[in-house]
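In the working numbering, the protein residues as written are 7 to 175.
All C-beta atoms in this analysis are idealised placements derived from N, C-alpha and C, irrespective of residue type, glycine included.
Here the structure is a predicted model, which means the values were calculated and not measured.
Let me begin by presenting the structure, written as structure tokens, before commenting on it.
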Amino acid sequence: MNEKVAALTNNQINKEFYSAYLYLEFANYYASVGLDGFENWYKVQAQEERDHAMLFYQYLHNNEEKVTFEAIDKPNCSLTDAMAPLKAGLQHEQYVTALINDIYAAAFEAKDFRTMQLLDWFIKEQGEEEKNASDLITKMELFGSDPKGLYMLNSELGARAYAAPSLVL
Numbered sequence: 007m008n009e010k011v012a013a014l015t016n017n018q019i020n021k022e023f024y025s026a027y028l029y030l031e032f033a034n035y036y037a038s039v040g041l042d043g044f045e046n047w048y049k050v051q052a053q054e055e056r057d058h059a060m061l062f063y064q065y066l067h068n069n070e071e072k073v074t075f076e077a078i079d080k081p082n083c084s085l086t087d088a089m090a091p092l093k094a095g096l097q098h099e100q101y102v103t104a105l106i107n108d109i110y111a112a113a114f115e116a117k118d119f120r121t122m123q124l125l126d127w128f129i130k131e132q133g134e135e136e137k138n139a140s141d142l143i144t145k146m147e148l149f150g151s152d153p154k155g156l157y158m159l160n161s162e163l164g165a166r167a168y169a170a171p172s173l174v175l
């Protein structure tokens, strides 16, 4: 495996675990303001991010690459109202998309087609993640200021259940 591709992929493990921490911070905020549906949505999101980290971990091991774990940064965000985590979440997903694109570009340059194939799944996943984050902002803008609308949105988000990714490495 190309050294740069392996290093970027290893770094992505840390970034995915950070994403889980960040989303748990969002869940924690929503729990503190009584929005248990939003809390649930971000707890499920955190589980997805942990699984993404483990997919990269397994991929490196399958390619006989050593995984090196780094410290996971503490989330540093100002959560002042119910919209703040949603906007921070969209910005974060756009950041993660850029990281995935960087790995893809390095893999393309190295003609590492196997890694490119793995990343095809993550690129599609990031498109879904950004759309979900954007849709949450739109729904909050439409319904969040109305108590009944917020109650319905909170109930909708509370129904989200975790589904493990079905990606064969």
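DSSP, read as helix, strand or coil, puts Thr15 in helix. With contacts defined as CB atoms closer than 8 Å, Lys21 and Val102 qualify as a contacting pair.
In terms of Cβ geometry, Ile78 and Tyr24 form a close pair [threshold 8 Å].
Tyr27 is positioned such that its CB atom lies closer than 8 Å to that of Pro81.
Distance from the CA atom of Asp42 to the CA atom of Ala88, rounded to whole angstroms, is 12 Å.
Taking 8 Å as the cut-off, the beta carbon of Leu61 is found no closer than this to the beta carbon of Ala12.
In the three-state DSSP reduction, Lys145 falls in the helix class (H, G or I). Of the candidates Leu173, Pro153 and Glu9, Glu9 places its Cα closest to the Cα of Asn69.
Just measuring C-alpha positions, the residue of Glu55, Asp108 and His98 sitting nearest Thr15 is Asp108.
Nearest Cα to Phe128 within the set Ala59, Ala37 and Glu31: Ala59. For Val50, the enclosing alpha helix (DSSP H) has its first and last residue at Asp42 to Asn68. Rounded to whole angstroms, the separation of the alpha carbons of Ser151 and Glu136 is 23 Å. When DSSP states are grouped into helix, strand and coil, Ser151 belongs to the coil group. With a 10 Å radius around the Cβ and a threshold of 16 neighbouring Cβ atoms, Thr121 comes out buried.
Leu163 counts as buried, since no fewer than 16 other beta carbons sit within 10 angstroms of its beta carbon.
Taking a contact to require three or more Cβ pairs closer than 8 Å, the stretch 46 to 60 and the stretch 156 to 171 qualify as touching.
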